[in-house]
Structures are given as C-alpha cells and as structure tokens.
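To convert, take the position in the sequence shown, counting from 1, and add 238; that gives this note's numbering. A virtual CB, placed ideally from N, CA and C, is assigned to each residue, including glycine. For clarity, every value in this text was computed on a predicted model and none was experimentally measured. Each remark here refers to the structure printed beneath this line.
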Amino acid sequence: MKTTPVRTRFAPSPTGFLHLGGARTALFSWAFARHFGGTFILRVEDTDLERSTPEAVQAILDGMAWLGLAPDEGPFYQMQHMDRYREVVARMLAEGTAYHCYSSPQEVEAMRELARTLGRKPRYDGTWRPEPGKTLPPIPGERKPVVRFRSPREGATSWTDLVKGQISFDNSELDDLVIARPDGTPTYNFCVVVDDWDMRITHVLRGDDHVNNTPRQITILRALGAPVPEYGHVPMILGPDGEKLSKRHGAVSVMEYDRDGYLPEAMVNYLARLGWSHGDDELFSREQLVEWFDPAHLSKSAAQWDPKKLNWVNAHYIKQSDDATLAGLIAPRVVSRGGDPGAADLASVVRLLKDRAETLEQLADGAMLFCGRFDGPAAELASQHLTEPARRALASFAEGAAGIDWTRESISALIKSVLASHGLKMPQLAIPLRVAVAGTTQTPAIDAVLEILGRKNVLARLAAA
Ligand code: GLU
239 MKTTPVRTRF APSPTGFLHL GGARTALFSW AFARHFGGTF ILRVEDTDLE
289 RSTPEAVQAI LDGMAWLGLA PDEGPFYQMQ HMDRYREVVA RMLAEGTAYH
339 CYSSPQEVEA MRELARTLGR KPRYDGTWRP EPGKTLPPIP GERKPVVRFR
389 SPREGATSWT DLVKGQISFD NSELDDLVIA RPDGTPTYNF CVVVDDWDMR
439 ITHVLRGDDH VNNTPRQITI LRALGAPVPE YGHVPMILGP DGEKLSKRHG
489 AVSVMEYDRD GYLPEAMVNY LARLGWSHGD DELFSREQLV EWFDPAHLSK
539 SAAQWDPKKL NWVNAHYIKQ SDDATLAGLI APRVVSRGGD PGAADLASVV
589 RLLKDRAETL EQLADGAMLF CGRFDGPAAE LASQHLTEPA RRALASFAEG
639 AAGIDWTRES ISALIKSVLA SHGLKMPQLA IPLRVAVAGT TQTPAIDAVL
689 EILGRKNVLA RLAAA
C-alpha cells in the first residue's frame, strides 16, 4: 500500500500562452491531486531565457486562475533554483555519476555524423567518459567543459505508464546527456529531475511528447538515489481534421475562449472529457470530476477537438447559470458593443435569451435588442411591414397598452384582443410590432420582449414608427 501523499505538478514553459493541451495537462494534474487528497504544484520552467517572457508567465497564471486551477504550492520558478541545480551537478561530479566532457561541438557533430554513416543512432562516443582502467585524453587548456551524465549502458529503463502501460528503452540507446553547459547553466531535463525530486513529486502527468525524456529523467533520478515518480503520458489533442491541434484550427489559447464567451465551468468539463471519461457522462461538475478522476480512465488514443460539442457543453452551463451572474458577465460585452447595460433589466434579458445561447457573445448580441441604441426601423422594412392595416392594429395596441398592467400575461391578452377585433392572425400583428419596436422581424416571444422593453419605450417607438 502506498502511503506517500500524492503530489503532482504542472510545469509549463512560459513561451506563449496557456494553450489547450497545457490547460488539459494542468487540469488532469489538479484533478488527480484533488482526487487523492494530495497537493498540486505549479512550476514555471523559465530557464529558456530566449523564449520565456513575463507576459507568457502572466498568461499561464491568468489561464489557470480563469479555469479555477489554483495551485496548492507555487508558482515556483526554475530560474530561482539555479544554485540548487549547480549544487546537484557538483555532487554528481564528485560521486562519479557525471563527468566533464571537453569535446567541442564540432567534434560531437563529427561523432554523430560518423555514427549515422555506420547506420547507428547519432550519439556522443564517450571520449571523456571515465571507465575503470581508461586513460582520458589530456585536457585542452583553453576549453570550458560541458558536464555529461554518465548514463548506464547495460540493461533497460522501463516504467509502467499510467496511460500507456509498459514502456521500455534500452539503455544502450540513451546518450550521455549534457546536464550543464560550458557556462555552468543546467539543461532542461536536468532541471526537471532536480525539481521533481526536491518537490517530492509522486505523479507526473504530461503530454506524450515527453515520453522520450522520461528514460533520461528516470536514469538521472536513480543515479541520485532519488525516488522515481509514476508517469502518465497523455496523448495529444487533434484538430477536427485529425491533424495536431494548432492555430489553423482556430483558437488555441485558453483565454481566447474567455474572450469568445465560454464559461470556465464549460471549459473544464469539456477539457476533462478530452482524453478521460467516466462511463458515458458528458456533463459533470468540478466536484464530480474530482470525485471520479482516476488515471485508469485516461485514454490511450488521441482526443479530437470538437467545437460543436464544446458549444453544446457551454450552452448547458449558460442555461444552468443564474440570471444575475450571467447579467454581470454580459454587461461588459454589451458595453463593448456600444450598448447600455442599464437600459433594461439585464437579468430579465438573460432569462429570456439564455436557453438559446451557446456563448456569452451570442447572449450579448441578443441583449443589444434591449440595450442598443434604436433609431427606428429601416425604411425598406417599414414600408414592407408597416402597411395601413398593420398600422391600424398597432394603433389599437398602443391605445390598449396605456392602460394595462405591464406584464407578459396582460400584454399577451391585449395582443389577442387586438387580433380578434381586427380579424388578424398572430404574425400580422407580431411582425409589425417587432419591426416597429425593434427594427427586425425576428425576436424572442414578442410579449416577453415588450415587457422587458418597458411601456414607455414601447409607446415611444410605436409613436415614432
Ligand atoms: N516544461 C515542459 C513543457 O511545457 C513540461 C515538462 C514536464 O511536464 O515534465 O512542455
């Protein structure tokens, strides 16, 4: 029985934004930790100074905050651990699990080329690797060495992947990895190893583009006498066309989905189903996800991004959200459309529209009927629909409207009585009403629209039409 408390980490490289694949990895690591009552750690892998930017760090923090994936520990930054990496390099040199290599980059390239021409895997030939009884070449005075890991040559490095099952690499295939550059800076795989060790990570969930790094990391951990975490490599996300998901498929940054009107609950639900399942359940809360999240149901095959399904999930969460919350979410979107969120009771507006909206953007578009500036119907629409018989019916409606309770029920009753007295069918009044008060032939139920617009507005618009 394993008694070590579960500790997972999300370890993004801050070189762009939080993309969908990264967000899903973060979500899985978070849900896994939560499920087992463990700790979720955020570690920013910012050692690539040329590609890492503060904006990208912020984008990751924003994306995680938006999704509600708060780390229990961190964010930690690898750049702040440099002394520790150097200390471990020094220890490995002292213990003989790492060695100085003075081969020049040109020499290493030539070794690789030679291996290629011999039909072998390109690799470092071990010139500077110490072996019992071997005499090393004289040290070239002017050259600064790299530090290489003395990788085991015999046997194999294997692990039981939480997602993919048994994976094994022959150690003869693993090169003696450079762990520190001539200027002493540690390299990528080495920093990951030291941090996973120091942070006592028990489970690493990450994209399967890292499978080839895992045997290198395991062999270094073993050389350090450090515990080896369990690994789970999640297949990538494919676009709807079956190709690797990329910009060409539309938005790939999580925050673009915020901008486009998706709710974080919907995003979390949808992302969780990309590569993980709980029976046939498609809709589940964050709490259910945590309760159900077991690595046994992570899928071995690549998941496909399906914008239609995401919209369906988002529509569900919009429908479920309470009106006041939705009103608060769409108010700024109404403002950015030039509308006035105070022009109507926004909670009533969203109550009317939310059953048919797939995104907050659609909801805001719909709200403009009530919050946008109205200058009367276009001339063409007016001449087509505001005919003499229609105007007579509108006049009766306006007359009656002055003296009723302004509720949907009374408005509906008034419409029916005008229809009866003018011998008209519903569309013969409803469409002119829409054109006159909203400048369009299509709106949600006209009685509800009129109620929200308010008597004053309605009468003014009818008078002006
Ligand atoms: N920093 C790596 C990346 O963003 C992830 C490293 C890891 O999860 O081990 O791809």
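Any non-hydrogen atom of ligand 1 within 7 Å of residue i CB
i: Ala489; result: no
i: Ala249; result: yes
i: Val416; result: no
i: Glu283; result: yes
i: His448; result: yes
i: Arg438; result: no
i: Val346; result: no
i: Val430; result: yes
i: Asp289; result: With the sequence shown as reference, residue 289 is identified as Arg, and Asp is not the correct amino acid for it. No, the beta carbon of Arg289 sits no closer than 7 Å to any heavy atom of ligand 1.
i: Val442; result: yes
Neighbour-count burial assignment, residue i, 16 or more Cβ in a 10 Å radius
i: Ile377; result: exposed
i: Ile642; result: exposed
i: Met330; result: buried
i: Ala504; result: buried
i: Ser704; result: It is not possible to answer for residue 704, since the shown part of the chain is limited to 239 through 703.
i: Gln455; result: buried
i: Ala269; result: buried
i: Arg388; result: buried
i: Thr285; result: buried
i: Leu467; result: Sequence check: residue 467 is Pro here, not Leu. Buried: at least 16 other Cβ atoms inside 10 Å.
i: Pro292; result: exposed
Residue of the options minimising C-alpha distance to residue i
i: Phe314; options: Ala249, Arg358, Glu288; result: Ala249
i: Glu347; options: Gly614, Arg444, Pro360; result: Pro360
i: Ala628; options: Ala605, Ala640, Gly661; result: Gly661
i: Gln666; options: Gly638, Arg630, Ala676; result: Arg630
i: Thr263; options: Arg322, His441, Arg386; result: His441
i: Lys382; options: Tyr337, Pro370, Arg354; result: Tyr337
i: Lys592; options: Pro453, Ile568, Ser574, Trp268; result: Ile568
i: Gly306; options: Pro370, Val492, Phe428, His487; result: Val492
i: Arg358; options: Leu598, Gly379, Ser410, Val466; result: Ser410
i: Leu462; options: Gln680, Asp498, Thr335; result: Thr335
i: Gly554; options: Asp578, Asp479, Glu596, Pro533; result: Residue identity differs from the one stated: residue 554 is His in this sequence, not Gly. It is Glu596 whose Cα lies nearest to the Cα of His554.
i: Thr645; options: Ala668, Glu689, Thr457, Ala605; result: Glu689
i: Ala683; options: Asp446, Ile669, Glu525; result: Ile669
i: Ile417; options: Glu529, Thr457, Arg486; result: Thr457
i: Trp543; options: Arg272, Tyr495, Pro478; result: Pro478
i: Asn695; options: Arg497, Ile556, Leu607; result: Leu607
i: Val572; options: Lys546, Val551, Gly499, Leu632; result: Gly499
i: Lys546; options: Asp578, Gly517, Gly488; result: Gly488
i: Ser559; options: Gly393, Val588, Ala620; result: Val588
i: Glu333; options: Thr242, Pro368, Glu392; result: Pro368
i: Asn450; options: Arg350, Asn427, Cys339; result: Asn427
Check whether residue i and residue j have beta carbons under 8 Å apart
i: His448; j: Lys402; result: no
i: Met302; j: Leu256; result: yes
i: Ile279; j: Arg245; result: yes
i: Leu459; j: Tyr508; result: no
i: Gln212; j: Thr398; result: Here the chain covers residues 239 to 703 and nothing more, so residue 212 does not appear.
i: Leu691; j: Ala582; result: yes
i: Ala294; j: Thr253; result: yes
i: Ala686; j: Leu590; result: yes
i: Val385; j: Val327; result: yes
i: Asp436; j: Arg324; result: no
i: Ala616; j: Gly576; result: no
i: Ser650; j: Ser634; result: no
i: Ala541; j: Leu512; result: yes
i: His319; j: Asp433; result: yes
i: Val506; j: Arg272; result: no
i: Ala639; j: Leu601; result: no
i: Tyr469; j: Leu400; result: yes
Neighbour flag for residue i against chain B, beta carbons, 8 Å
i: Arg419; result: This model lacks chain B altogether; it includes just one protein chain.
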